[in-house]
Structure formats: C-alpha cells, structure tokens
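Working notes for the structure below.
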Amino acid sequence: LKSDVEKLLAINASDDPIQVNLFASVGSYREHLSQRVPEGMSRPALFVKGADMSRVYVYKRRGYSTDVRHECTHAVLHNALPFVPLWLDEGFAEYFETPAAQRSGGSPYLKSIKRSITFRWKPNLQRLEVLEDLGDMHDEEYRESWAWVHFMIHGPQNVRQVLSDYLYDIEQGDAGKPLSARLAAVAPNYNQLLVQHLKSWR
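The sequence shown: position 80 = 920 (the numbering used here), numbered continuously.
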C-alpha cells in the first residue's frame, strides 16, 4: 500500500513505523479505545498520529481489510506530508481502500455517482475545502471527495499536474492556493470536466 500511494501520488513517505492493532471483536476494540482514544469509539476503524508512531485500530468484521487499507492510507500520507486537508485525506483513503486491481473502476462510488449525474448531480469542491471536522464528513462528502481524487488521478494531464504541484507544495510546507483555485486557473470548467470524466469512465 505504501508503495502504491507513493508511486501514484509521487510522494515519499518516511519509514516511521505504522502499528496496526487488529481486534477480535467490536467489544474488545471499544474497550481498548475507551482507555486510549475515547472520542474514536463510535468509529468502525481509526487512525491516530502519535508523537512516536502512527497507530491504526481495526476490529475483525466482514470486509475489515478495506478498513485496514483506508486507515493505513491516512498513516502513509501523514508520514509523507506535514498536513493534508480533511476532504483530500478522506478522498485518498476512499480511493486506496479498494484493492489495487479495482481502484480505477471498481469502487461502488462510481456507479452511485453515474446514477446521480442522471439526476443532475453537481459537485462543489469549495464546499468540501472548508470542512475541518471529521463529524462534517458524511456519505455524500466521502463520495464527492473520492470523485475529485479519481478525477485528479485519472483525468486530463493538466488536472493531474495540478494535484502533483499541490502535493509538492504541501511537502514543502506551503500549500498556497486551494485546489479549487488551482483547477480553475487551468480549467475554468473543472466542475463540468469532473462530471464528464465520471460519466464516461469505464
């Protein structure tokens, strides 16, 4: 997963350890978190960036490997970058939680968004960019965050370059303009391009 994230996003994560804690049941998971990260008890899986290392907490359930990939993506990103905007952090995690062979076209989000486009769904990146609390991220926000990440990874070259430049600037400690402004500078119709990209993706 680390290699996939680094290669696709052209970033370099440190080799700082990532400790994955896998619990046999939701009960043992919540009992452990109640003593260490009580605010995370309601979540089915959790990433915590500690002073000594990153920790991922997951309990065994159907599809828990998806949880592992999702939370470990956060850990890899935060071992590579000084910060990641909330929506982008979650968008990357949603993208990389899918098994590698299915990432470009196998996410259930793709079919869901294609259906929504039929009913005139309109993306709004600027709305996502102001979100700062994980509690503000709901199914729709996760889905749209995934959509923007897919577009910036698989879309036109100028759009892919915007993402690459943005991550480089973050790596240097100064993100500067938000992604919406950067996209508008190279493709003023970026919202329509996103919709067309997803509508025609196979």
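In this text, a Cβ means the ideal position worked out from N, Cα and C, and glycines have one as well.
Nearest-angstrom Cβ-Cβ length linking residue i and residue j, presumed shorter than 8 Å
i, j, result
"Y982", "E937", "Y982 to E937, Cβ: 10 Å. No contact."
"L841", "R909", "6 Å"
"L1033", "A1027", "6 Å"
"V1002", "L974", "So it is not a contact: roughly 25 Å between Cβ atoms."
Separation of residue j from residue i, as counted between CA atoms
i, j, result
"L848", "H918", "16 Å"
"N1031", "M893", "38 Å"
"L806", "E984", "Residue 806 lies beyond the range of the chain shown here (841 to 1042); nothing can be said about it."
"T958", "Q966", "22 Å"
"K954", "K1039", "6 Å"
"H1037", "E980", "18 Å"
"G946", "A987", "13 Å"
"S874", "M881", "6 Å"
"D1005", "E1011", "10 Å"
"C912", "F887", "7 Å"
"A885", "Y899", "7 Å"
"I851", "L928", "15 Å"
"Y904", "V860", "12 Å"
"Q997", "R883", "37 Å"
"H808", "N964", "Absent from the structure is residue 808, since the part of the chain shown begins at 841 and ends at 1042."
Neighbour-count burial assignment, residue i, 16 or more Cβ in a 10 Å radius
i, result
"G995", "buried"
"Y840", "Residue 840 lies beyond the range of the chain shown here (841 to 1042); nothing can be said about it."
"H978", "exposed"
"F923", "exposed"
"D907", "buried"
"Y845", "Note on identity: in this sequence residue 845 is Val, with Tyr being the wrong assignment. It is buried - the Cβ of V845 has at least 16 other Cβ atoms within 10 Å."
"P857", "exposed"
"Y869", "buried"
"P939", "exposed"
"R1022", "buried"
"Y935", "buried"
Endpoints, alpha helix (DSSP H) assigned at residue i
i, result
"K842", "K842 to L849"
"L873", "V866 to R876"
"A1024", "L1019 to V1026"
"E879", "Segment: none, E879 is in no alpha helix (DSSP H) and carries neither H nor E."
"Q1012", "No alpha helix (DSSP H) contains Q1012, which DSSP labels as neither H nor E."
Host beta strand (DSSP E) of residue i (start-end)
i, result
"R895", "S894 to Y899"
"Q859", "I858 to F863"
"A920", "No beta strand (DSSP E) holds A920; the alpha helix (DSSP H) holding it covers Y904 to A920."
"A885", "A885 to K889"
#### Entry: Ordered list of alpha helix (DSSP H) runs contained in the region 924-987, each at least 4 residues
The alpha helix (DSSP H) runs of length 4 or more contained entirely in the region 924-987 are, from start to end of the chain, 926-936, 948-958 and 965-969.
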